[in-house]
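I have placed the structure first, in the form of structure tokens, so that the comments after it can refer back to it.
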Amino acid sequence: MAKQIFSAHNLTKSYNEKVLFEQIGIGIMEGERIGIIGRNGIGKSTLLKLIAGLEEPDDGIVAISKDVRIEYLSQLPSFAHQQTCIEAVMEAKQHIIVMINRYDELCEIASNESMTDEQQEEMHDLALKIDNEQGWGLDTESKILLSKLGITDIHKDVMSLSGGQRKRVALARALLSEPDLLILDEPTNHLDADSVQWLQDRLQQSHKALLLVTHDRYFLDAISTRIIELDQKKLFSYDGNFEYYLMKKEARTEIEESTAEHERNKLRTELAWLQKGAKARRTKQKSRIDWIAKMQSEPKPEEQKQIKIEVGNRFLGGKLIDAVSISKLDKQDYLFKDFTYRAAPGDRIGVIGPNGAGKSTLLNVLSGRLKPDEGYVSIGDTVTIGYFDQEVKTLKENDTLIANLREVAEYIDTGVGRERYLTAKDLLDRFLFPAKQHYSLVHTLSGGEKRRLAVLRTLMGNPNVLMFDEPTNDFDIQTLGALEEYLDSFKGILLIVSHDRSFLDRTVERIYSFESNGKIKEYPGNYSAYLEKKEQADQKTTLISNKEVKTQAQNTTQTKKGLSFHEKNEHELLEKLIAEHEMKIKAMAKLLEDIPPHEYQKIAEQSEQMSFLEQESENNMMRWIELSDKQVKN
């Protein structure tokens, strides 16, 4: 039976006189995978930090079971100065690194001179400890984690990486630590679709407890065994995944609304009785008067405001965007090559591919912000592009919110209704920025609030072409829903780079997928349709490949197939791992020779460790050969 590893009771936390939550409680069991949801700024990340022990509550009790290890991945992870990617990841098991380094020192001594009895005993003890903690594969596992998360230069200074790359290194570090409770704050941000799927599979296979905040609804639905909603300063728990939560949330809302309406009707009746005068009141219970006073003094629940996105549709002429035979190079390699796109009214296109493949570069070229190395891009006179970049560079951090909007336009024309013309102030209100925040500086906003403001700034230009580069990062689920509803009614051209599978399913009707060797392939339909077609194509390719291998084997030739982006990284990594293992095996063999014949136990243990490394090296070699056979010779 699973035991409780964490509990908290009567927690209260405030920031700048704003109460985030009060008198809440939470318990976490072994093996649970809990998704925390709620609006931006409501206190989700703060709750995670409290559970991780990084912040203290204003009031309440936190109890963590003895020997329970907690690892927390923040949205803005920190690293040591002058630390490489691989060093940052392996830091998660620093105690093993210390043992392995000492073991390597002793191996070096053994290869050059005779060891003392004390050194042999120390080496024997170290080998046992490393073996018990499965530490021999630590270096290999760290490199594989980085490779799976798209970090190829593992010896690069981690602080020289982009914010998204640093987040991926931190995620690899958190996964390697294998804690009893893993806490992840927006883990899918900056991951490509393949990496998200890999992370999803890994977390599903784990038997450790997980607590996460994420905007990725597919990921949340697949991972979670329980959903906890932070709402109205309280926690509401739902046993089940995100889909189950949605059903139960609707039922809860209906009950709350019905109860509130019943209380309002009762209060009106009692107030009418109270107003009849002293004679009537003398004949009634004092408790009724007390109940009226209590109901009138109770604070009203905060109104759950919804984001309203209303922007008109600017005229779009006959000439739109023509990109003909465009190519873009990154040093000597093509990001994309000989790609043609002729925009048509109503285009709704999702752009997908591995991190670093060139998706953002493609949007920059199509928008005219960047020139192609080959080919040309022509943009029509009536085309007004609204461009949302994932780093929200369009915002001026030291200007106020309202100044950032007025720089684009004083007002927008929605084209309909009595409120046809909306000012910058009106739009800030509709995007849930309270009046007192309108003249705050942008740098005081949270990450999610900045992105919400950046979307609003993009829409202030009343564009008829929208280009969104990872728009869903750091958005809460309510904001995503409002944006999706707006895009449903948007009559212009839409191009979206996103890893959010649910968002792509809802908003696009065509997929441009970055394949290998600079090729961009088109798939009709949304993201789910793309996955189905890709799976069918992969199955067909496998059948054809098997037939070709069988036929060509008879002719003593081998068919070779190009490697995917991730396979190329894996192939390069395996070469390095094989070389490292060979060096370690040689050192261990030398040590084995120096062990006296009568010390059977040490010989057996050393032989077992060598066998483990030899088997791992053999597996790596077989995989390297498999990938080499697929690689196309240029």
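Numbered according to my numbering, the sequence shown spans residues 242 to 875.
The beta carbon of each residue, even a glycine, is placed where N, CA and C say it ideally should be.
- Annotation: the continuous beta strand (DSSP E) that includes G616 extends over E615 to I620.
- Under DSSP, V592 shares a beta bridge with V738 and Y753.
- Fully contained in the segment 663 to 703 is no beta strand (DSSP E) run of length 3 or more.
- F262 and L291 have their alpha carbons spaced roughly 12 Å apart.
- I311 places its beta carbon 7 Å or farther from that of A333.
- The residues N810, in chain order, have a CB closer than 6 Å to that of T393 in the same chain once the five nearest residues on each side in sequence are set aside.
- Where S436 is concerned, the enclosing alpha helix (DSSP H) starts and stops at A434 to Q446.
- Contact between the segment 573 to 585 and the segment 626 to 635 is not established, with fewer than three Cβ pairs separated by less than 8 Å.
- Cβ neighbours of I844 within its own chain (closer than 6 Å, five residues either side excluded): I836.
- Spanning the alpha carbons of V606 and P704 requires a straight line of approximately 18 Å.
- Straight across, the Cα-Cα distance linking A321 with K408 is about 14 Å.
- Judged by DSSP in its simplified three-state form, M356 adopts coil rather than helix or strand.
- Contact between the segment 662 to 680 and the segment 733 to 746 is absent, with fewer than three C-beta pairs closer than 8 Å.
- Look at the beta carbons and you see the segment 664 to 680 not touching the segment 612 to 630: under three pairs across the two are nearer than 8 Å.
- Taken through DSSP and simplified to helix, strand or coil, Q473 comes out as coil.
- Per the coordinates, the alpha-carbon of N251 lies some 22 Å from the alpha-carbon of E273.
- Non-local C-beta neighbours of N767 in its own chain, meaning closer than 7 Å and more than five positions away in sequence, comprise L745, D746, V749 and E750, ordered along the chain.
- In this structure the segment 301 to 308 does not touch the segment 321 to 330; the number of beta carbon pairs closer than 8 Å is below three.
- Contact between the segment 450 to 457 and the segment 473 to 491 is absent: fewer than 3 CB-CB pairs across the two stretches fall below 8 Å.
- The segment 673 to 683 makes no contact with the segment 394 to 406, as fewer than three CB pairs between them are under 8 Å.
- For K285, same chain residues with a beta-carbon under 7 Å away, outside a window of 5 residues either side, are I277, G279, V454 and L471 in chain order.
- Spanning the alpha carbons of E346 and S687 requires a straight line of approximately 48 Å.
- As the crow flies, the alpha-carbon of Q445 is around 10 Å from that of T466.
- Under the DSSP assignment, D380 falls in the alpha helix (DSSP H) whose first and last residues are L379 to K389.
- For T625, the CB contacts under 8 Å within the same chain, skipping 5 residues up- and downstream, are R555, G702, N703, P704, N705 and V706 in chain order.
- Minimum Cα-Cα distance from G268 among the listed residues L288, E258 and S255 corresponds to L288.
- Residue pairing for F577: DSSP places it in a beta bridge opposite K569.
- By the Cβ neighbour-count rule, P586 is exposed, with fewer than 16 other Cβ atoms within 10 Å of its own.
- Taking C-beta separations shorter than 7 Å and ignoring five residues to either side along the sequence, the partners of K666 in its chain run I643 and H679, following chain order.
- Collapsing the DSSP output to three states places V330 in a helix.
- If you look at D654, you'll find it isn't in any alpha helix (DSSP H); it sits in the beta strand (DSSP E) that goes Y652 to D654.
- Distance from Q847 to L832 at the Cβ level is roughly 6 Å; contact confirmed, criterion being Cβ atoms closer than 8 Å.
- By the 16-neighbour rule on beta-carbons within 10 angstroms, L317 is exposed.
- Taking every protein chain shown into account, the CB of E427 has 16 or more other CB atoms within 10 angstroms, so this residue is buried.
- Relative to the Cα of D571, the nearest Cα in the group P765, L603 and M340 belongs to L603.
- Residue burial is scored here from C-beta neighbours: M708 has at least 16 other C-beta atoms within 10 angstroms and is therefore classed as buried.
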